[in-house]
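Numbers 0 to 105, taken from numbering that gives the first Met the number 0, label the letters of the sequence shown in order.
One structure is given below, encoded as structure tokens.
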Amino acid sequence: MDLSWKQTLIQTLLVTVIAVNMMWVGLLVARSQLEPAGTAPVVGQPGSPASQKEFRLRYEGVTREGAWEVEHYRMIEIIRDAKGEKIRTRPAGEETHLRYWKGDSS
């Protein structure tokens, strides 16, 4: 009984070692088959300084249209550097208009 247990353990280890070696051979063969023909050298370039983007509504003014008062806002993009200082401000292309009923002006 003790002998069959040892034989089973040895056979299991032998099959495991053979299977692992076959997998390694398969990986090595696949690696040589799938290697690209020509590769470009890797050239690193220094990264740009970290910047933060912030979007805000800027008040553009108010107009009166009949009994309505219309406030105009424009979305702007503020770009700041790593220290938090403003680098650039530019319009983001979005406008918002808020209308308020002011009633008759009489």
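We put the CB at the ideal spot given by N, CA and C, even for glycine.
Can you tell me whether residue i is helix, strand or coil according to DSSP?
| i | result |
| --- | --- |
| VAL24 | helix |
| VAL41 | coil |
With distance defined between alpha-carbon atoms, name the residue in the options nearest to residue i.
| i | options | result |
| --- | --- | --- |
| ARG98 | ARG79, THR11, GLY65 | GLY65 |
| ILE86 | VAL41, HIS96, GLU53 | GLU53 |
| LYS82 | GLU94, ALA49, LEU26 | ALA49 |
In the DSSP output, what is residue i paired with across the bridge?
| i | result |
| --- | --- |
| GLN51 | ARG79 |
| VAL69 | THR62, ARG98 |
| ARG57 | ARG73 |
Mind checking which residues open and close the beta strand (DSSP E) that includes residue i?
| i | result |
| --- | --- |
| GLU93 | 85 to 100 |
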